[in-house]
Each structure stands twice: as C-alpha cells, then as structure tokens.
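A.B. asks: This is the structure, below, for whatever I ask next.
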C-alpha cells in the first residue's frame, strides 16, 4: 500500500514478518569455575592451600627468632634444634664396624687415589674414592665431598675439577657415591644397565615415599652414610680430625647442611646452591626431593635456616646463583641475613659468608674459587687459591667395584631392605592392636584423622554457589561450587531427575580424571540418574578443574609431609562437604547418601566414610588394597607415571599425592574399611602395589581385620569383594539394597 508522508513523498507500509528468537543449540560447558574472578587460577588452589598452612608455622618460628637476643638464648635454641633434627632425620642406628677395604690404588702426578668400600650399616655398602695429595707432612685437613644429583656421582667432570683443586692445595678429599648414584643405584637392572625406576631424583623420591609411609625421612640414610664416611676419615693417619670439612652442590648441599648441623666434627661446611629460606622456597620453586623434606619438620618448627644457624659460630660458606631453576636466591639472601645476626651474637661474624654469581643452577668459576679460598682460610693453608687445570679421569678409572655397581658386585642391603625391616615392626604392632577388635576399631578414626591431617568441615561454611544449569532429557545438570572454609571451593556437577516426586537416594561420583568423566549424555552418570539417583560428580581439590598446574607434582605431597597434612586427608574433607550438601537437599533421602570412587580416588573416600557416617555406603573400584603392600615390596606403581617425551634417564615421574606420611605407625586401609562397619562397603577390582589385580591370597591376608570387624558388628554380608562388575548401576543396586 502506498501512502503519503508529511515530507511530500510516498512510502511503502512495512510488511510484518515472523522473527525466530529461539536460541541455537548451545554446547555445554561443564566447568564450574568459568568466568569466576576469585577462583580464576584453579590449578594453584591445592598448592596455595598447603603453603598458606606452612606459612603459619613460619610465622611462629619468626616470632620465636625475634625473641632471641643473647648468646645463651641461641645456645639453648641450638640444643633444641639438634634434638628435633635427630627426631625428624633419625633415629640413627648404632655404629658398627666399617669393615673398610681398598679395592685399588691409582697413582697420579701429585696425588694418589684409593678406591674404598665401607659399610655404613652391616651389609649396607658405600663406594668411595679417597684423594690424597703427595708430600703430606704431619696431618692434613680432609673434606668429605657429597655429590648432588649427578648420575655419575663424583666421576662427573665438574666434581673432579673441585676435588682435584682441593687436593692440589693440600687437602685430602673423600668423595662418596650417594644413594641412587654412581655405583650405588638402588634399583639397578642388569639388562638395561641402569635403574629400572629412573635417574637419581626419581630413585630418591621412590624409596623416600616408602620411608614416609612408615613415618621416617630418607634423609637419615644419606646423612648416616656421610657420618660414617667421617668416621672412616678420622681413622686415617694422614687426616687431622680437628680440620674436617664437608661440601656438596645442590642435593649435595642438602646433605652438607645435615652433616654440618648434626656432626660436631665438621669444622667447615660449604653447602652450595641449597641453603635458602624455607618460606621463600615454598612460595617460589616449591618443595623438592624426598631427602630434602623432613617428616613433620615444620610442625616441630624446623626450617632450612636452622641447619646453618645451629652451626654457629663454626665457619660456613653459602653459595648461590641468581637464576637457579630449583631454589630461591631471595631466600638465600634472607637466610644469610638471619644467620649473620646469629654469628654476630657469637662474635664470629666473619665465619659466615654468602657468595653469589649470575648463572643457572651451576658451580661457576667464581663460586669454585670461593670454595677453595674458604677452606684454605679456615684450615690455615697458605698459598694461592686460584683454580688450576686438572687432568680429568674417566669414569672407568674411578670405578670401585668389579662390575661398576654395588648391586651386582656385592649385593648387600639397599634402602628398601632396611626400611622393610623397620616397617615389619610397625606391621607387627598393628597386628597386635587388631587382636582387640573393639578397642582397635574405636581408636582407628581418631588416629587416622590426626595422621592424615583431616580437618573436620566447619558448619559455618557458606552455602553452595550455583553457576549455571543445563536441561537434558529427563534431568538437569547444575554447576555448583561448594565452599571449603573460605580457602577454596569444590566444583560439583549435580545431576537430578526432573519432575520427580519425593526424596531420592544420592551418590557422590569421584573419578581421578575429574567430574566430567562419564558426564556426557549416554554416560554412566546419566544411567544412574534415570534409575532415580541424584548424582554429585565432584572435583576434589587437585582433581579435574583444580588439577595442579602450578608446581611439580611431588611438591604437593611433600609440602603436606612437612606440616602433617596429606592430599588424601584434605580430599576426604571435600567428600564430607559434598555429602553434607546432599544430605541437606530437600529432594535427597538423608539416610541414603552413598559414594562411588575410581582408582586412586578410593583412598580419600575410604577415609571420608570412616570419618563421617553421613556417607551411608561406598563402592570402591580399583582401590589400592593397602599401604602395607607398597612399603613391604621393593617395587610399586602408584604415583609413578610415564614421562611422556622422557628419555632413558627420565622415563618416569613420581609423586606422593596418594600417600600419608606416618600412616603405618597406626593404621592401614583395611583398618579404615573395618571401622565403616556395619555400613556397606563394596570392593571391586582391588589392586596390589603394582596396580595389578590383587590375588585371592593377598585379598584374604589384607582384609582379615576388615572381615573380623564386620563379623564383630554382625554385618558380615555388608562387606563384599568382587573381581569384576557389569556396570556402576549393578554395584549401587547392592549398596542401596536395604
């Protein structure tokens, strides 16, 4: 239709048309923490939570240090620190015969080398080379060189440069093979002619984890080998026992610090690229290898700084580089500043030094010169400290044993063998305690809460926060964040039937790959919902959305070791929070809240169910059968992951997120399972320490107490073990069948 406008020209009247305002099909995003400013870095939540607790212990120590003013104050603290160090590193075994033997002698221009084997404990062999300068008159000073993580140990070129330059200056040097290095590989495989586990760091953490399970620190073995090395040195007629020194780089700096703190015979200590402030280390690079982290040391108020300050006023040189990949330079400066004040109280300020250089993790020429200068100064050796050119010997020349490995030449004991002997005593104590079923059952939750570091969730936690809902065929998927005491949130997907009447049984679903596993339409979770269950799929702290992306994986468990917390105990608290949330929902039958966990997630679920009866029943799929199975077997696979892109030296990575330090001093997984009685527990596809299907013999042995506990509660039928299963639904049908 044409009509006239007020502007004098014709206009066409618009024709109405239909506008489709229907939203296009949206791809679901099941991330709960999406577009959330406060929780915008979920990959750091776990390590942040752990380090904040560690910082509280540092604050306590800082306040204690601030109150120390006089020499008497510091002497009292030094005595206290030494006692605590002996607790967390020791107890050391009694000193037995060293049985030293010389397997060969090499004569070079200006010095000779004696190849030595000694026993730090009966049958526990240590390989070493003693470098002796020619022309010694009277007695000479001696330095014990403990090596860092060089796989070749002291045979590496850099180590030889330092050793032989000290020798050229008239100092005897004893260089020993640390555990896992040189000829002291702990898991040597003669077929591949290398460790079956991986290079030195991996070996250290691998047997270190077994030590932690028994409430011990692997640092004891490194330190004891060094103490016994000094025992050997002082038997030598050429050595002046009043002039003993120790030095080492990186991991060797760690052991140098331990020896300098615990062995009064060490006059001069030179820890290189190690001594730093613990607070700075945790907030930057994170916890390091197992031997560097001591069992419950922060609980006892011990830090890296104490290892230096306990030596005052004895001479100590700290060396550091500015671009260290593993350690904090700022921490080193702060540790030095604190130590300098202590030495000043003892009126020996010149006995503590810090030398820095700009480099990556290395012993630079400047630092090497500082090492020579410091030893010459405090050993009263005149002369030029400058570094001289040396003739580097081949690894073959410095080989001590016939085959090049203690394992194949001498056999003897390795760290695992000694740890196993000590763990057997703990297991026997557990067996004795289990004889009184009632008493043992009453004590388990109390001890397990303490040792795992479980903290009971607060009733004051804020209400869950919803961050989106999707509608599917017959049910909804709601994205919730459940508060964990203001420290972090737990991302949870809640799958609930729509248009359902009454209250429903509820299931917590926990998968190591995260809450979205089986969450898609047609997945296992949907099948459960369509059977009438409300399902809460949760990302426990460190899993799924909150999977660690901020630090090395081993830093998580090892930070927990310092402060008496465990990732397992923390995650158990998360499960209880989710269970409490479900119990309080209007559409949930509070008497029918259960949980199902897969693989390593079974460990926190076992703890959560033992600690809180809100969880009515549990189904465990692929659970580790016991911690005992790990501690009592040389090899295990839990926490050991293939290093994609790794080489011959680095085939695996290892962590301790699955472990609980000290667990075997009081309980094990079968004890917790027994304490859940009479509630239902279904164990499907149980795994041994190699993550292989557990044998019937092993199952019967490990679950003996669990079954006794269920029999005691007249609920034998409520503990069920199956090797295979058809579906999650079939497992839950049994769990919820009252």
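In the working numbering, the protein residues as written are 2 to 739.
Beta carbons are placed, not taken as given, at the ideal position from N, Cα and C, and that holds for glycine.
What you are looking at is a predicted structure, and each value in this text was computed from that prediction instead of being measured.
Should residue 724 go down as buried or exposed, given a rule of 16 or more other Cβ atoms within 10 Å for buried?
C.D. replies: It counts as exposed.
A.B. asks: Which runs of the alpha helix (DSSP H) spanning at least 4 residues fall entirely within the region 31-68, listed in chain order?
C.D. replies: Within the region 31-68, the complete alpha helix (DSSP H) runs of at least 4 residues are 46-67.
A.B. asks: Helix, strand or coil: which one does DSSP assign to residue 118?
C.D. replies: Note: residue 118 maps to strand in three-state DSSP.
A.B. asks: Got a sec, what are the start and stop residues for the beta strand (DSSP E) residue 466 sits in?
C.D. replies: Taken as a continuous stretch (DSSP letters only), the beta strand (DSSP E) holding residue 466 covers 466-473.
A.B. asks: Pull up the CB-CB distance for residue 218 and residue 328, whole angstroms please, since I reckon it's below 8 angstroms.
C.D. replies: Wrong, their Cβ atoms sit about 20 angstroms apart, outside the cutoff.
A.B. asks: Under 7 angstroms Cβ to Cβ from residue 405, same chain only, skipping five residues before and after it: list those, please.
C.D. replies: Cβ neighbours of residue 405 beyond the five flanking positions: 184.
A.B. asks: Which runs of the alpha helix (DSSP H) at least 4 residues long sit entirely within the region 316-401? Give them in chain order.
C.D. replies: For the region 316-401, whole alpha helix (DSSP H) runs of length 4 or above, ordered along the chain, are 330-346 and 366-379.
A.B. asks: With a floor of 3 residues, list each beta strand (DSSP E) that falls wholly inside the region 478-539, ordered by position along the chain.
C.D. replies: Those beta strand (DSSP E) runs which fall completely within the region 478-539 and span 3+ residues are 489-498, 505-511 and 535-539.
A.B. asks: Taking the straight line between their C-alpha atoms, what separation do you get for residue 179 and residue 148?
C.D. replies: Rounded to the nearest angstrom, the two C-alpha atoms are 7 angstroms apart.
A.B. asks: Determine the DSSP secondary structure at residue 577, reduced to helix, strand or coil.
C.D. replies: Here residue 577 sits in helix by DSSP.
A.B. asks: Figure out for me which residue from 713, 683 and 64 has the closest Cα to the Cα of residue 734.
C.D. replies: With distances taken between Cα atoms, residue 734 lies closest to 683.
A.B. asks: Taking 9 angstroms as the threshold (C-beta atoms), are residue 140 and residue 749 in contact?
C.D. replies: The structure shown does not extend to residue 749, since the chain spans only 2 to 739, so no value can be given for it.
A.B. asks: Could you please give me the residues that DSSP links to residue 653 through a beta bridge?
C.D. replies: For residue 653, which the question treats as bridged, DSSP gives the partners 643.
A.B. asks: Helix, strand or coil for residue 3 per DSSP?
C.D. replies: Here residue 3 scores only 44 on pLDDT, less than 50, and its place in the model should not be relied on; the value that follows carries that caveat. It is a strand residue.
A.B. asks: Using 9 angstroms as the threshold, is the C-beta distance between residue 625 and residue 601 below it?
C.D. replies: Yes, Cβ-Cβ distance for residue 625 and residue 601 is below 9 angstroms.
A.B. asks: Straight-line CA distance for residue 736 to residue 216?
C.D. replies: About 35 angstroms.
A.B. asks: My output table needs one value for residue 234: the three-state DSSP class, helix, strand or coil.
C.D. replies: Note: residue 234 maps to helix in three-state DSSP.
A.B. asks: Put residue 106 into one of helix, strand or coil per three-state DSSP.
C.D. replies: Residue state, collapsed to three classes: strand.
A.B. asks: Buried or exposed, going by whether 16 or more other CB atoms sit within 10 Å of the CB of residue 6?
C.D. replies: Model confidence at residue 6 stands at a pLDDT of 47, short of 50, so the residue's coordinates are unreliable; what they give is reported in the following sentence. The residue is exposed, with fewer than 16 neighbouring Cβ atoms inside 10 Å.
A.B. asks: Mind checking residue 105: buried by the 16 CB within 10 Å criterion, or exposed?
C.D. replies: The residue in question, residue 105, is exposed, as its Cβ has fewer than 16 Cβ neighbours within 10 Å.
A.B. asks: Would you mind stating whether residue 454 and residue 554 have Cβ atoms separated by less than 9 angstroms?
C.D. replies: Cβ atoms of residue 454 and residue 554: not closer than 9 angstroms.
A.B. asks: Going by CA-CA distance only, name the one from 680, 540 and 97 that's closest to residue 482.
C.D. replies: Of the listed residues, the one whose Cα sits closest to residue 482 is 540.
A.B. asks: Does the separation of the CB atoms of residue 122 and residue 225 fall below 9 angstroms?
C.D. replies: Yes, these two residues count as a Cβ contact at 9 angstroms.
A.B. asks: Is residue 220 near the ligand NAP, going by C-beta to nearest heavy atom under 8 angstroms?
C.D. replies: Of the ligands one can find in the structure shown there are none, so the ligand NAP has no counterpart to examine.
A.B. asks: Does DSSP put residue 1 in a helix, in a strand, or in coil?
C.D. replies: Because the chain spans 2 through 739 in this model, residue 1 falls outside it and cannot be assessed.
A.B. asks: Pull the bridge partners of residue 714 from the DSSP assignment, please.
C.D. replies: BP columns for residue 714 are empty, so no partner.
A.B. asks: Run through DSSP, which three-state label would residue 78 get?
C.D. replies: Residue 78 falls in the helix class under three-state DSSP.
A.B. asks: Could you spell out the range, first to last residue, of the alpha helix (DSSP H) harbouring residue 636?
C.D. replies: Note, residue 636: premise wrong, no alpha helix (DSSP H); not H, not E.
A.B. asks: In whole angstroms, give me the CA-to-CA distance for residue 446 and residue 288.
C.D. replies: The alpha-carbon atoms of residue 446 and residue 288 are separated by roughly 29 angstroms.
A.B. asks: Contact check, residue 232 vs residue 70 under 8 angstroms by CB: the rounded distance?
C.D. replies: The Cβ separation is near 37 angstroms, so there is no contact.
A.B. asks: May I have a chain-ordered list of the beta strand (DSSP E) segments no shorter than 3 residues that lie completely inside the region 564-631?
C.D. replies: As far as the region 564-631 is concerned, its whole beta strand (DSSP E) runs of at least 3 residues are 589-599 and 618-622.
A.B. asks: At the level of alpha carbons, what is the spacing between residue 715 and residue 66?
C.D. replies: Cα to Cα, the separation comes out at about 56 angstroms.
A.B. asks: Over the uninterrupted alpha helix (DSSP H) stretch that includes residue 146, give me the two end residues.
C.D. replies: Premise fails: residue 146 lies in the beta strand (DSSP E), 141-147, not in any alpha helix (DSSP H).
A.B. asks: Using the C-alpha atoms, what's the distance from residue 114 back to residue 363?
C.D. replies: Going by the C-alpha atoms only, they are around 26 angstroms apart.
A.B. asks: Along the chain, where does the alpha helix (DSSP H) containing residue 681 start, and where does it finish?
C.D. replies: Unbroken run through residue 681 is the beta strand (DSSP E), 681-685; no alpha helix (DSSP H).
A.B. asks: Taking 8 angstroms as the limit between beta carbons, can you name the residues of its chain near residue 375, skipping five residues before and five after?
C.D. replies: The residues are 269, 271, 316, 318 and 354.
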